[in-house]
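A short write-up of the structure that comes next.
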Amino acid sequence: MLNIPTHLKGRDYIRTQDWSKEDLLTVINVAEELKYAFKHNEPTPILNNKTIFLMFFDKSTRTRNAFEAGMTQLGGHAHYIDVSTSQISHGESAKDTGIILSRYGHGIAIRHDLVPYEGENYMRDMAFWADKPIINLQSDIDHPTQTIADLMTIMERFGSNLRGLKVAVSWAYTRSYAKPLSVPQGLIMLLTRFGMDVVLARPPEYKLMPEIVEIGKKNAEREGVRFEIVDDMEYAFESADIVYPKSWGALHLFNNPEESLKLAKKYKDWIVDSKKMEITKPHSIYMHCLPAARGEEVTDDVIDGPHSVVFDEAENRLHTAKALMSLLM
Ligand code: CP
């Protein structure tokens, strides 16, 4: 049986920025142990008979299934709530929902990511009233269950000393819907804290939230690393160790899907292909939180090629989800 540290029991996990680096590394250490146990078919009944509620205001493949499968593997039950079929869609408050679900189970996890400046506020409101831990499954601000899995994946490839690695976090084209800003925002907040030099590339209209950029800048200053924002994907890719290109919506057009799509079409050349990968370091890795728009954000030969770690990254969603639930619940 694994020895799970108890000092994080009851904590909320809403932004990685709310947690110390040491506590984030504890999640990764526990995830590594759970990954080993899973690969060796060792049972991990850490949360026997416990219940987590998974509230989704948006769709999901990886996050939902990592938490559902993960909870089953820990001996408990994950209870999926499609918010559109609950009383929340008739206006029930975060306060009332949080108090009630706290009385029914042991943890509440929420995805609320589609409307800028709504999701995290909802989670923090619920966290104030709920007396069980709240886990952010993606908000408008951060996607901390994704970025912790990304950090674990980076450490698996490059070791624990990440100082001096160059990471290109970049916008990429898709004709799909306006995706949340939470992944690039989560990455610039987290990776700067772990000693990496971060270059954020995006077309001028695709700025991230200014207050989050400020956090990234302050983290970089504190750590003595570089954090640069450019509007040139190739410049960001030059000699990068890690590239993480993905699409997100223009903040000012979230309520205007037609204009948003029109704007994105101006930047169809923001696609990762083998030519762009050639300017990165030979050992570089290509990351994406998925789902990826093949043929728009990235070509098949890159996402299926030797630089790509996307399936390891997606797998690590399971192990980090289990670690978080084991530590918090
Ligand atoms: N990366 C990620 O969060 O995937 P899902 O949207 O499928 O959960």
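Those letters in the sequence shown? Residues 38 to 366, per the working numbering, in order.
For every residue, glycine included, the Cβ atom is placed at its ideal position computed from N, Cα and C.
Looking at the DSSP output, M92 bridges to I118 and I147. If you ignore the 5 residues before and after N353, its C-beta comes within less than 6 Å of the C-beta of A186, M189 and T190, all in its own chain and listed in chain order. Annotated three-state conformation of K203 is strand, per DSSP.
Note on R99: 16 or more other CB atoms within 10 angstroms of its CB, so buried under the neighbour-count rule. Taking one beta carbon from each stretch, the stretch 142-158 and the stretch 91-98 have 3 or more pairs nearer than 8 Å; the two touch. Taking W307 as reference, the option from A273, N292 and D278 with the minimal CA-CA separation is A273. Closest in alpha carbon position to T211, among V280, I65, N102 and Y304, is Y304. Cβ contact annotation for K216 (same chain, cutoff 8 Å, sequence separation greater than five): K283, S284, W285 and G286, in chain order. Taking C-beta separations shorter than 6 Å and ignoring five residues to either side along the sequence, E193 has no partners in its chain. Remark: the shortest separation between the CB of T98 and any heavy atom of the ligand CP falls under 7 Å. Distance between H356 and V67, taken at the CA atoms: about 8 Å. Taking E334 as reference, the option from R239, K318, E155 and N86 with the minimal CA-CA separation is R239.
Take the alpha-carbon of P80 and the one of M108: they are about 12 Å apart. Rounded to the nearest whole angstrom, the CA to CA distance from K359 to R263 is 33 Å.
Closer than 7 Å to some heavy atom of the ligand CP: that does not describe the Cβ of P221.
Apart from the 5 residues on each side of it in sequence, K244 sits with its Cβ closer than 7 Å to the Cβ of L288 in its chain, given in chain order. Three or more pairs of CB atoms, one per stretch, sit closer than 8 Å, so the stretch 49-65 contacts the stretch 177-184. Here R230 really is in contact with N256; their C-beta atoms are around 5 Å apart, less than 8 Å. The beta-bridge partner set that DSSP reports for D234 consists of K203. With respect to the C-alpha of S207, the residue from G196, A329, L174 and V267 having the closest C-alpha is V267.
Close CB contacts of D177 within its chain, under the 8 Å cut and outside five residues either way in sequence, are with H149, D150, L151, V152, P153, Y154, E155, G156, E157, P217, L218 and S219 (chain order). A straight-line Cα-Cα distance of about 21 Å links D162 and Q222.
Per the DSSP secondary-structure output, P282 pairs in a beta bridge with S207.
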